[in-house]
Every structure is written in structure tokens, then in C-alpha cells.
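Asker:
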Amino acid sequence: MSAIGLDGFAAKFAGDADPWRTFTDRDEAVKRTAILHALGPGPIGRVLELASGNGSNSVGIATRALRLDATEGTAEGTALTARAIACYPRAEATQLPLPGAFPHLRYDAIVVAELLYYLSVREMAAVARDARAALRPGGRLVLAHHRIDFYDFAQRAGAINARFLRAAGGRWRVQAVRATRRWEVVVANQ
3 MSAIGLDGFA AKFAGDADPW RTFTDRDEAV KRTAILHALG PGPIGRVLEL ASGNGSNSVG
63 IATRALRLDA TEGTAEGTAL TARAIACYPR AEATQLPLPG AFPHLRYDAI VVAELLYYLS
123 VREMAAVARD ARAALRPGGR LVLAHHRIDF YDFAQRAGAI NARFLRAAGG RWRVQAVRAT
183 RRWEVVVANQ
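Numbering (the numbering used here), first residue to last: 3 to 192.
So, in C-alpha cells, the structure goes:
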């Protein structure tokens, strides 16, 4: 595997606003529905989305959040997310390479989708600890990731959600929301 970095993601978004067809692919729509189911019907107070990409999940999250901080590591992705959520006045897109300081100290829910295997083990552990610290007691941590490896991952996809929760520390109650051969969505609470 040869890990893609932020420059690689920036080039992808500069060349195509939807390089993985996340707005149009049926499987991506099923995954997005599972993410929203895991998040709950709302209204949910303050929600943090890490690595929003082009904003394809952000739109659905914004409809349930009283306040959405959609963060993305690249300027190109941040602009695409901002465009996607422009009609939601309580949603904001912010550029945030990870690990990095979250826009606010506390969140009622945090959504992490299609991110963790692009981080090194050390980077993932830092993000995990930061997420645990930022999630209010009883809050929801939604994790949605592939179960199969792709050529540009920094680490293996298998059990990535469980590894993230171990790195975060603490005791988590984890519920599987939906899984296919290719991906899984779980929700965790402390």
C-alpha cells in the first residue's frame, strides 16, 4: 500500500468534485442512510464531522444537527463541503488537517467516515483521544469505514473501527448499525 496524503486528496477534488461518486452511487447512498440512522433522528445539538470530503454526508447530517462543524483536511474539499451545505445556516465547513484542534471543545455527536485508514497509527490514536475528549457524556460516535483494503491506505481496513475505539481509551458500548462485505457502520457511546 502506498498511502495517499492531503496533496493527493486535493488533486482528486481539484480534478473531480465527486471522485468516488459519493453523491450518486447506490452503495454510497445505503452507507449514508446507515450513518444517518446511527446518528439518530435529531434534532442533535452540536455535531462534528471529520474528513467531510465533498460534503456528501454533510448534507444529511446538517438536516439533523442544530449546529454542524463539517471539517475537511484539504482546501478543495472544504470548498466543496461549503457549497454542499450552503443552504443550512447552522452548518459550517472548516479546513482541518488531522490530527488538529477541533473547532469547539464539546460535541453531542461525532461522525468519522472513510478516514481512519488514511491516517498513520500514531495519527489515528491522536484523533481517537481527541474525539473521546470532545464527545459529551452520552454522546454518539458514529464510525463508517471500509472492511476491505485499497491501494492508497496507510493502514489495513480490517477492524479499523475497533482499533480506533481501543486507541481512544475508555469503555465503549458499540452497536453495529449496518455491515456489508465492503463496509460497516457502528455507533459507540461511553
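Backbone N, C-alpha and C define an ideal beta-carbon position, used for all residues, glycine too.
Note down the Cα distance separating PRO45 from ILE63, rounded to an integer number of angstroms.
Answerer: Each residue's Cα considered, the two are about 10 Å apart.
Asker: If you draw a straight line from the C-alpha of ALA181 to the C-alpha of ASP151, how long is it?
Answerer: 15 Å
Asker: Whose CA, out of PHE15, ILE37, ASP29, lies closest to the CA of GLY55?
Answerer: PHE15
Asker: Determine the direct distance from the alpha carbon of ALA146 to that of ILE33, and round the result to whole angstroms.
Answerer: Reading off the sequence, residue 33 comes out as Lys, not Ile. Distance between the alpha carbons of LYS33 and ALA146: 8 Å.
Asker: Once you ignore the five residues that flank GLN177 on each side, which residues in its own chain have a CB closer than 6 Å to its CB?
Answerer: VAL189
Asker: In or out: ARG48 buried (at least 16 other Cβ within 10 Å) or exposed?
Answerer: buried
Asker: Nearest CA to the CA of THR76: which residue from GLY140, LEU100, ARG23?
Answerer: When GLY140, LEU100, ARG23 are compared, the shortest CA-CA separation from THR76 is found for LEU100.
Asker: Tell me, please, whether the CB atom of MET126 is closer than 8 Å to any CB atom in chain C?
Answerer: Of the chains in the structure shown, none is chain C; there is only one protein chain.
Asker: Under 8 Å, do LEU121 and LEU52 count as touching if we go by C-beta distance?
Answerer: no
Asker: Out of GLY57, ALA156, LEU137, SER58, which has the shortest C-alpha to C-alpha gap to ILE6?
Answerer: Among GLY57, ALA156, LEU137, SER58, the Cα nearest to that of ILE6 belongs to ALA156.
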